[in-house]
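J.: Take this structure first; my questions come after.
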Amino acid sequence: MRINKYPEIPNVSKFLKSGSENSSSKWRTQINQTQLVSQASTILLQRHPKLWPSLLKPLQISSNFTPSLFHQILNRIRTQPKLCYDFFNWARKNLDFKPDIGARCELTRILFGSELSELAAPKCRLSEYIPCFEFCDRMLLQQRNNELRLAWCFYASMIRDGVLGNHCMWSVVAKILYKDGKFERIGGILKVGVYSGDMFDLMIDGYSRRGDFGAALDYLHQSTGKGIEPSFSTYSSILDGACRYNDEEVIENVLSCMVEKGHILKAHASEYDFIIKKLCGVGKTFAMDLFFKRACDENAELEHATYECMFMALLCEDPSLRISNLLVDIIRRGVVSISPAKELSSYVRKLCAERQWREAEELLDLVLDQEWSPDPQCCGSFVRRYCSTRQIDRAILLHNKLEELKGTLATDTYNILVAALLRGRRSEEAIKVFDYMKRCKTVDSESFALMIRGLCEEKEMRMAMKLHDEMLELGLKPDQRTYKRLITGFR
1 MRINKYPEIP NVSKFLKSGS ENSSSKWRTQ INQTQLVSQA STILLQRHPK LWPSLLKPLQ
61 ISSNFTPSLF HQILNRIRTQ PKLCYDFFNW ARKNLDFKPD IGARCELTRI LFGSELSELA
121 APKCRLSEYI PCFEFCDRML LQQRNNELRL AWCFYASMIR DGVLGNHCMW SVVAKILYKD
181 GKFERIGGIL KVGVYSGDMF DLMIDGYSRR GDFGAALDYL HQSTGKGIEP SFSTYSSILD
241 GACRYNDEEV IENVLSCMVE KGHILKAHAS EYDFIIKKLC GVGKTFAMDL FFKRACDENA
301 ELEHATYECM FMALLCEDPS LRISNLLVDI IRRGVVSISP AKELSSYVRK LCAERQWREA
361 EELLDLVLDQ EWSPDPQCCG SFVRRYCSTR QIDRAILLHN KLEELKGTLA TDTYNILVAA
421 LLRGRRSEEA IKVFDYMKRC KTVDSESFAL MIRGLCEEKE MRMAMKLHDE MLELGLKPDQ
481 RTYKRLITGF R
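Following this line, the structure appears as structure tokens:
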């Protein structure tokens with residue numbers, strides 16, 4: 001396979017300079033770095049490792065090969081785990097690359113996600129990089145980020161390297177077991193005499209979520225027997241589970257205990273704000289919903305801050321019809337004074353991923369009506385769907401609303417929209433979208449190529465040539481093969 005001659009790229013160190021550059025210069029620098037990463041990853045994907053030194057030399061990446069540059073290239077080739085592994089070792093040997101913990105973890109994630117997990121073991125020997133007292137923090141961070149396989153990798157590394165476990169480590173292991181859906185195994189830790197309030201809380205919460213209130217109450221009694229006083233969070237776990245399964249008897253018994261222990265006052269209108277906020281704080285949305293419904297039934301007026309607490313707690317939950325309906329209810333009440341666009345965007349993306357399009361579109365419409373600007377990935381899900389199902393008018397309508405809010409889409413999504421418009425002979429709308437892309441600096445080589453081809457087909461040669469010159473001026477010339485096909489349209 002032939003590799004085309006690459007244009008001369010500025011030294012990598014130029015990409016890392018900071019200063020008061022104007023926006024045009026910054027944009028050009030970003031484009032140059034993107035080209036560097038693209039060219040390097042193309043060589044890695046297409047050529048044998050023996051040829052890498054000679055082909056990469058003109059790009060001058062060896063002069064300042066940083067973990068940041070490594071991460072960007074790795075993201076381009078991550079679909080080929082063995083290649084990632086070979087590149088990692090090659091960079092260490094030939095570029096004097098000293099990988100940080102982030103680079104090692106990223107490679108480990110890729111290898112564990114493939115059939116090459118055995119190659120990850122040597123990369124996980126972390127005792128030479130991380131002081132022993134930091135192991136627990138590292139494991140806890142992976143647990144919070146839902147990177148459970150990597151967390152277990154850290155744990156295995158600790159055992160293999162002879163790091164002695166302490167109470168802190170077992171608490172972290174218990175949290176990982178819980179998040180991994182294996183909370184029953186925490187019982188084994190408790191049986192050997194290692195326990196804490198957090199461990200008992202995890203067991204109680206796990207059984208309550210499952211609806212096994214007998215086991216949950218048994219562990220509650222065990223904890224009190226060891227002198228651990230159950231907290232508000234402990235009781236709210238059982239209450240939340242009882243609300244999930246509509247177990248009225250357990251609900252009333254737990255509420256009585258919470259009142260008796262002083263965790264809540266006897267529920268009446270003046271206390272709903274306090275109770276709902278506390279339940280939101282521990283993420284118990286079923287129990288929160290119980291008190292919200294009681295407040296509505298009694299026509300109790302809740303504070304705006306209470307609604308905002310409810311809103312943010314609901315956005316942390318997995319998508320469901322119950323959650324979506326509650327979110328819609330709160331938004332329509334007009335009581336959310338903050339702009340939770342980021343969190344809402346994440347929730348809507350989850351709805352799209354689960355193909356709950358009706359609920360997702362209802363929420364998106366409400367978000368736009370509130371003049372909250374969703375993130376590019378959120379809106380991109382809808383634009384892609386509309387383009388693939390020939391609902392171009394809806395895609396344009398959504399884009400127009402985004403433009404009013406000064407929002408934007410990702411470049412690849414814009415390219416899909418522009419291509420769909422050009423296929424439908426809607427070149428004027430494509431030009432408007434493309435002009436907005438340029439203002440937002442979201443164009444790339446493919447964007448220009450799409451527009452130039454489309455305009456040539458429409459015999460708009462003057463405009464096509466103007467875009468061609470602009471593309472070259474911005475340094476966005478595509479690879480040689482694509483460029484040759486592109487300029488044939490001018491004949």
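Mapping to UniProt numbering: the sequence shown position 265 is 265, numbers consecutive. Where is the CB? At the ideal position from N, CA and C, for every residue including glycine.
What is the DSSP secondary structure of Y207, counted as helix, strand or coil?
T.: As a working note, residue 207 is residue 207 in the sequence shown. Three-state result, Y207: helix.
J.: Provide the residue span of the alpha helix (DSSP H) that contains E359, from first to last.
T.: Working through the sequence shown from its first residue, we reach residue 359 at position 359. First-last of the alpha helix (DSSP H) with E359: W357 to D369.
J.: Only counting the same chain, and skipping five residues up and downstream in sequence, which positions put a Cβ closer than 7 angstroms to that of I396?
T.: Along the sequence shown, read from residue 1 onward, the residue named residue 396 stands at position 396. E429, listed in sequence order.
J.: Counting only runs that start and end within the region 451-482, where is the alpha helix (DSSP H) found for 4 or more residues in a row?
T.: As far as the region 451-482 is concerned, its whole alpha helix (DSSP H) runs of at least 4 residues are 461-473.
J.: Hey, could you find the ends of the alpha helix (DSSP H) E343 is sitting in?
T.: Translated into the one-based positions of the sequence shown, residue 343 becomes position 343. Taken as a continuous stretch (DSSP letters only), the alpha helix (DSSP H) holding E343 covers A341 to A353.
J.: Would you mind working out which of L321, I189, E404 and T306 sits nearest G334, comparing C-alpha positions?
T.: The count along the sequence shown starts at 1 and reaches residue 334 at position 334. Among L321, I189, E404 and T306, the Cα nearest to that of G334 belongs to T306.
J.: Just reading off the alpha helix (DSSP H) that P81 is part of, what are its end residues?
T.: Counting from 1 along the sequence shown, the entry for residue 81 is found at position 81. P81 to N94 is the span of the alpha helix (DSSP H), which, as asked, contains P81.
J.: Which word fits H221, buried or exposed, when buried means at least 16 other C-beta atoms lie within 10 angstroms of its C-beta?
T.: Walking along the sequence shown from the start, residue 221 turns up at place 221. Classification for H221: exposed.
J.: Secondary structure at N325, three-state DSSP: helix, strand or coil?
T.: Residue numbering aside, residue 325 sits at position 325 when the sequence shown is read from its first letter. Reduced to three states, the DSSP call for N325 is helix.
J.: Are there any heavy atoms of the ligand MN lying less than 6 angstroms away from the beta-carbon of G454, as far as the coordinates show?
T.: With respect to the ligand MN, the structure offers nothing, as it holds no ligand at all.
J.: Whole angstroms are fine: how far does the CA of S346 sit from the CA of K266?
T.: Counted from its first residue, the sequence shown places residue 266 at position 266. Counted from its first residue, the sequence shown places residue 346 at position 346. So the alpha carbons of these two residues sit roughly 36 angstroms apart.
J.: Measure the C-alpha to C-alpha separation of V443 and P58 and round it to an integer number of angstroms.
T.: In the sequence shown, residue 443 corresponds to position 443, counting from 1. In the sequence shown, residue 58 corresponds to position 58, counting from 1. Answer to the nearest angstrom: the Cα atoms are 26 angstroms apart.
J.: Just mark A329 as buried or exposed, buried being the case when its beta carbon has 16 or more other beta carbons within 10 Å.
T.: Numbered from 1 along the sequence shown, position 329 holds the residue referred to as residue 329. Sequence check: residue 329 is Asp here, not Ala. It counts as exposed.
J.: For the UniProt repeat "PPR" (410-440), which segments carrying the alpha helix (DSSP H) assignment without a break, of at least 4 residues, lie completely within its bounds, in sequence order?
T.: Here the runs fully enclosed are 411-423 and 427-440.
J.: Quick check for students: name the residue ranges of the alpha helix (DSSP H) that lie wholly in the region 221-246, counting only runs of 4 or more.
T.: Listed in chain order, they are 232-244.
J.: Does DSSP classify I61 as helix, strand or coil?
T.: Locating residue 61 in the sequence shown gives position 61, where the first residue counts as 1. Coil at I61, not helix or strand.
J.: How should T482 be labelled, buried or exposed, when 16 other C-beta atoms within 10 angstroms of its C-beta is the threshold for buried?
T.: Mapped onto the sequence shown, residue 482 falls at position 482. Exposed, by the Cβ-count rule.
J.: Please name the residue in D218, C296 and F70 whose C-alpha comes closest to that of S38.
T.: Here residue 38 refers to the residue found at position 38 when the sequence shown is read from its first residue. Measuring from the Cα of S38, the nearest candidate turns out to be F70.
J.: Please identify the residue among I228, S62, I487 and K82 whose C-alpha is closest to the C-alpha of D96.
T.: Mapped onto the sequence shown, residue 96 falls at position 96. Measuring from the Cα of D96, the nearest candidate turns out to be S62.
J.: Going straight from the alpha carbon of V348 to that of L315, what length do you get?
T.: Counting from 1 along the sequence shown, the entry for residue 348 is found at position 348. Counting from 1 along the sequence shown, the entry for residue 315 is found at position 315. Those two C-alpha atoms are separated by around 9 angstroms.
J.: CB D273 to CB E303, shorter than 7 angstroms?
T.: On the sequence shown, residue 273 is found 273 positions in, with the first residue counted as 1. On the sequence shown, residue 303 is found 303 positions in, with the first residue counted as 1. Yes, Cβ-Cβ distance for D273 and E303 is below 7 angstroms.
J.: Would you kindly work out how many angstroms separate the C-alpha atoms of residue 493 and W357, rounded to a whole number?
T.: The requested residue 493 does not occur in the structure, where the chain is confined to residues 1 to 491.
J.: In the DSSP assignment, find the alpha helix (DSSP H) that holds K277 and state where it starts and stops.
T.: What you label residue 277 is simply residue 277 of the sequence shown in a count that begins at 1. Unbroken alpha helix (DSSP H) run through K277: Y272 to G281.
J.: Would you decide whether K175 is buried or exposed? Buried here means 16 or more other CB atoms lie within 10 Å of its CB.
T.: Counting from one through the sequence shown, the residue named residue 175 turns up at place 175. The residue in question, K175, is buried, as its Cβ has 16 or more Cβ neighbours within 10 Å.
J.: Report yes or no: do the region 380-395 and the region 406-426 share at least 3 C-beta pairs separated by less than 8 angstroms?
T.: Contact between the region 380-395 and the region 406-426 is present, because at least three Cβ pairs lie under 8 angstroms.
J.: Which value, in whole angstroms, describes the spacing of the CA atoms of K484 and K432?
T.: Looking up residue 484 in the sequence shown gives position 484. Looking up residue 432 in the sequence shown gives position 432. Roughly 26 angstroms between the two C-alpha positions.
J.: On the three-state DSSP scale, how would you describe A300?
T.: Here the question's residue 300 lines up with position 300 in the sequence shown. In this structure, A300 counts as coil in the three-state DSSP scheme.
J.: Since L351 and P319 should fall inside the 8 angstroms C-beta cutoff, what is the C-beta to C-beta distance between them, to a whole number of angstroms?
T.: Locating residue 351 in the sequence shown gives position 351, where the first residue counts as 1. Locating residue 319 in the sequence shown gives position 319, where the first residue counts as 1. Indeed they touch by this definition, with Cβ atoms about 5 angstroms apart.
J.: I'd like the span of the alpha helix (DSSP H) that includes L74, first residue to last.
T.: Translated into positions along the sequence shown, residue 74 becomes position 74. P67 to I77 is the extent of the alpha helix (DSSP H) around L74.
J.: Quick one: what does DSSP say residue 497 is sitting in, helix, strand or coil?
T.: In this structure the chain extends from 1 to 491, so residue 497 is not present and cannot be described.
J.: Going by CA-CA distance only, name the one from K284, L56 and G227 that's closest to G206.
T.: Numbered from its first residue, the sequence shown carries residue 206 at position 206. Ranking K284, L56 and G227 by Cα distance to G206 puts K284 first.
J.: Use the C-beta contact count for D201: other C-beta atoms within 10 angstroms, 16 or more gives buried, fewer gives exposed.
T.: The sequence position of residue 201 within the sequence shown is 201, counting from 1. Flag for D201 reads buried.
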